[in-house]
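**Student:** First residue of the sequence shown? That's 739 in my numbering, and the numbers climb one at a time after it.
Below is a structure I'd like to ask you about.
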Amino acid sequence: MRSTRPRRTSPIRLLQANAFVSILDRFAMPPLLITIAASLDVPLSAIVQAAGAYFLAYGLSQPLWGVVSDALGLVRTMRLALVVAGLAAVAAAFAWSPLALGIARGVGGAFFGAAYPAGLIYVGDTVPTDRRQRELTRLMVGVAFGTALASVGAGVVGQQLTWRAVFVITGLGALALSFALRYLDEPPRTRVHRHPLAPFLTVARSRTALFVLALAFVEGGVLIGVLTLLPSAIEAAGATAALAGAVTAVYGAAVLVFATAVGRLSRRLHPSRLIAIGAAAAVAACLVLSLSRAAPAAIAVTVLLGLAWAAMHSSLQTWATEVLPAARATIVSLFAGALFCGSALASVAVADLADAGRYRAIFLAACIIAVPLGVVAVWGRSRWRPPA
């Protein structure tokens, strides 16, 4: 006799969907920066700063989500946060000024900030160490598809219909995902802290944890900062918003391909070597962008950035899940927070340069910063040994 119990969806599939929706919303705005600025009749720098508000709120909210997920459970936290994030995305569609847009995107960033990091913590809590990097790279399938669809779809929808429709779509996607996550089993709660600040004190006492967070901060400024401005830079070189989005979508395909390759290589190569490969790709990408923003060069850049994300970022991300098992939710949340605070700071720092069209200076600076980032990250990971 067949069981009448509903068939459970694979956890990794639901976590990939979680990554997809989160990344879809995150990368929906960059292809629309120039379109939104023209629609609201404001300088590009004002919209770049509104985009920065999303990343800043995403980053600053991370310490809160680490505590909340330990108290409420990972799945419940994801579902509640996605509801608010979805409503905020829909609200952004009705923004009438850069301030209103910045507020709506800021709220969305703060609550979307619970989704993808919680998925990372879920993998860290449920997958053995020897298989963890492979499973984390599988999550990048969602990252890849979300990035590709956001890059192509946002540009096309913004050009053919209106940029406002893009945020309605991402908002409804978040609400639908919150409903779907009821099929994701809640893992046992293994972290019980006597005081909400206890895990933060644990992190603060760990030099390795602070080192990893510093790397994430700089990486966010370089990788996510460059990706945020890439569509605008391509448009400034003469491309349409749709073409700029299509070029950026190659990044998603590159992440998908390289994530699979990195997952296999992680069985044979030490993480420090993967970081070295990714850092070299990041340096090369920024250098090429400083020389040319034409579509062919930009395609090569997106491939290199995809390799950098799959190799360097996934390795640093895996390191964050391993460095302090007793405070995993907190360290992973702080890692994501540092990543997006770095990105937000970079967006604010270069907003005026972007408004003036000085993209060469922006990408050359990113190239220079990427060099010591890679050297220090490789050195640190090669010296670190997992706790007994």
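All C-beta atoms, glycine included, are put in the ideal place defined by N, C-alpha and C.
(1) For A1076, I'd like the list of residues in its chain whose CB is within less than 6 Å of its CB, leaving aside the five on either flank, ordered along the chain.
(2) Using CA atoms only, rank isn't needed, just tell me which of A999, L1027, A1049, V1113 is closest to A1099.
(3) If we ignore side chains and look at the alpha-carbon of each, how far apart do P769 and V904 end up?
(4) Quick one: Cα of I785 to Cα of A823, how far?
(5) Excluding the five sequence neighbours on either side, which residues of its own chain have a C-beta within less than 7 Å of the C-beta of E1060, listed in chain order?
(6) In terms of residues, what are the limits of the alpha helix (DSSP H) holding A971?
(7) Using 8 Å as the threshold, is the stretch 804 to 813 in touch with the stretch 824 to 841, meaning 3 or more CB pairs across them?
(8) I need the straight-line Cα distance from L887 to A775, nearest angstrom please.
(9) So is P836 buried or exposed if we call it buried at 16+ other beta carbons inside 10 Å?
(10) Do the CB positions of T1068 and R870 come within less than 8 Å of each other?
(11) Please name the residue, chosen from L794, V865, I907, F758, that lies closest to L1072 on a Cα-to-Cα basis.
(12) Suppose contacts are defined by Cβ-Cβ distances below 8 Å. Is L685 in contact with A1019 by that definition?
(13) For a test of the three-state rule: what should DSSP assign to S1071, helix, strand or coil?
(14) Quick one: what does DSSP say S741 is sitting in, helix, strand or coil?
(15) Check F949 in the structure and name its three-state DSSP category.
(16) Going by DSSP in three states, A1022 sits in which element: helix, strand or coil?
(17) Going along the chain, which residues of its own chain have a beta-carbon closer than 6 Å to the beta-carbon of A1049, five neighbours each way excluded?
(18) Y796 and F850 look like a contact to me (Cβ under 8 Å); what is the Cβ gap, rounded to whole Å?
(19) For the pair the stretch 982 to 997 and the stretch 1081 to 1091, tell me if three or more CB-CB distances fall below 8 Å.
(20) Return the CA-CA distance between G911 and A830, expressed in angstroms with no decimal places.
(21) By DSSP, does T885 sit in helix, in strand, or in coil?
(22) Going by C-alpha distance, which of S944, A1082, A971, G811 is nearest A1094?
(23) Which value, in whole angstroms, describes the spacing of the CA atoms of L1025 and S1081?
(24) Using the C-alpha atoms, what's the distance from L818 back to F883?
(25) Within 8 Å, do at least three Cβ pairs link the stretch 956 to 975 to the stretch 1105 to 1125?
(26) Only counting the same chain, and skipping five residues up and downstream in sequence, which positions put a Cβ closer than 6 Å to that of A842?
(27) My understanding is that T908 touches Y989, with C-beta atoms under 8 Å, so please give their C-beta distance in whole angstroms.
**Tutor:** According to the structure data:
(1) L951, A954, F955
(2) L1027
(3) 11 Å
(4) 20 Å
(5) T867, P1124
(6) 963 to 974
(7) no
(8) 22 Å
(9) buried
(10) no
(11) L794
(12) Because the chain in this structure spans residues 739 to 1126, residue 685 falls outside the shown range and cannot be described.
(13) helix
(14) No answer about S741 holds up, because its pLDDT of 44 lies below 50 and its placement is not dependable.
(15) helix
(16) helix
(17) V1000, L1012, I1015, G1016
(18) 6 Å
(19) no
(20) 14 Å
(21) helix
(22) A971
(23) 19 Å
(24) 24 Å
(25) yes
(26) A826, A829, A830, A833
(27) Actually they are not in contact, since the Cβ atoms of T908 and Y989 sit about 18 Å apart, beyond 8 Å.
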